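Asks: Dumping the structure here so I can ask a few things about it.
Structural data, given as structure tokens:
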């Protein structure tokens, strides 16, 4: 799946230890995850499934997950800032939505949302690792690392792999033709 999150904060609110999720250790993200959920005015975490990713493509599935997260909010924000260069269709919220390139470095609410999404996704990967230990999901977190590609070549894709992911397509093709 692809995970998206939204965090609503008071204007000017700071959260100690919260910055771009890519700059934090896994344990710092876990600590921040709990703190964000305690101090935010509201937050939501949503996802689009593996099947939706394969059907729509990763970008459109990400936009769908973002839309779902915003629709789950109980507090109506004054503004919605979205990390990146485009906004999903948010219906009634379109008028207050704005993309912000590098937003996870520039806006604490975006940083907080990226932490919620990353921790949720990492937890999903640990759960998958328990179900499919031979695939090493806890180590590569689903990213197309050399290790992940090597495992795909050895075992082929598992039922949880995105079929539209190029290394998965390649591994599935090798399995079908029997050429290893």
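Residue numbers (the working numbering): 2 to 181. Where a beta carbon is used, it is the ideal one built from N, C-alpha and C, also for glycine. All values derive from a computational prediction rather than experimental measurement.
#1: Of the choices 42, 97, 53 and 61, whose alpha-carbon is the least far from that of residue 183?
#2: Got a sec? Which residues, its chain only, sit under 8 Å from residue 181 by beta carbon, not counting five neighbours each side?
#3: Given residue 165, which residues of its chain have a CB within under 8 Å of its CB, disregarding the five upstream and five downstream residues?
#4: Report the rounded CA-to-CA distance for residue 45 versus residue 24, giving the unit in angstroms.
#5: So, are the CB atoms of residue 106 and residue 35 less than 8 Å apart?
#6: Would a C-beta distance cut-off of 8 Å place residue 10 and residue 81 closer than the cut-off?
#7: I'd like the ranges of any beta strand (DSSP E) spanning at least 3 consecutive residues and lying wholly in the region 54–86.
#8: Taking DSSP as the reference, what is the three-state secondary structure of residue 100?
#9: Can you check which of these residues, 127, 99 and 77, is closest to residue 87 by C-alpha distance?
#10: Taking the alpha carbon of residue 30 as the reference point, which residue from 19, 39, 38 and 40 has its own alpha carbon closest?
#11: Work out the CA separation of residue 159 and residue 91 for me, nearest whole Å.
#12: Please classify residue 120: does DSSP put it in a helix, a strand, or coil?
#13: Using a Cβ-Cβ cutoff of less than 6 Å, which residues in the same chain neighbour residue 152 once the five nearest sequence positions on both sides are dropped?
#14: For residue 1 and residue 162, I'd like the C-alpha separation in whole angstroms.
Replies: So, from the data block:
#1: Lying before the first or after the last residue shown, residue 183 is absent from the chain, which here runs from 2 to 181.
#2: In the chain shown, residue 181 corresponds to position 180, counting from 1. Because the pLDDT at residue 181 is just 49, under 50, the model does not fix this residue reliably, and the value given afterwards should be weighed accordingly. Answer for residue 181: 154 and 175, listed in chain order.
#3: Within the chain shown, the letter at position 164 stands for residue 165. The residues are 54, 55, 58 and 59.
#4: Here residue 45 is taken as the residue at index 44 of the chain shown, counted from 1. Here residue 24 is taken as the residue at index 23 of the chain shown, counted from 1. Answer to the nearest angstrom: the Cα atoms are 22 Å apart.
#5: Within the chain shown, the letter at position 105 stands for residue 106. Within the chain shown, the letter at position 34 stands for residue 35. No.
#6: As a first step, residue 10 must be located in the chain shown, where it is residue number 9. As a first step, residue 81 must be located in the chain shown, where it is residue number 80. No, these two residues do not count as a Cβ contact at 8 Å.
#7: 81–84
#8: On the chain shown, residue 100 is found 99 positions in, with the first residue counted as 1. Note: residue 100 maps to strand in three-state DSSP.
#9: In the chain shown, the residue the question calls residue 87 occupies position 86. Per the Cα distances, 99.
#10: Taking the first residue of the chain shown as position 1, residue 30 is located at position 29. Out of 19, 39, 38 and 40, 19 has the C-alpha closest to the C-alpha of residue 30.
#11: Here residue 91 is taken as the residue at index 90 of the chain shown, counted from 1. Here residue 159 is taken as the residue at index 158 of the chain shown, counted from 1. If I take the Cα positions, the gap works out to 34 Å.
#12: Start at 1 with the first residue of the chain shown, and residue 120 comes out as number 119. Residue 120 falls in the helix class under three-state DSSP.
#13: Stepping through the chain shown from its first residue, residue 152 is reached at position 151. Within the same chain, residue 152 has close Cβ partners 136 and 137.
#14: In the structure as shown, the chain begins at 2 and stops at 181. Residue 1 is therefore absent and cannot be evaluated.
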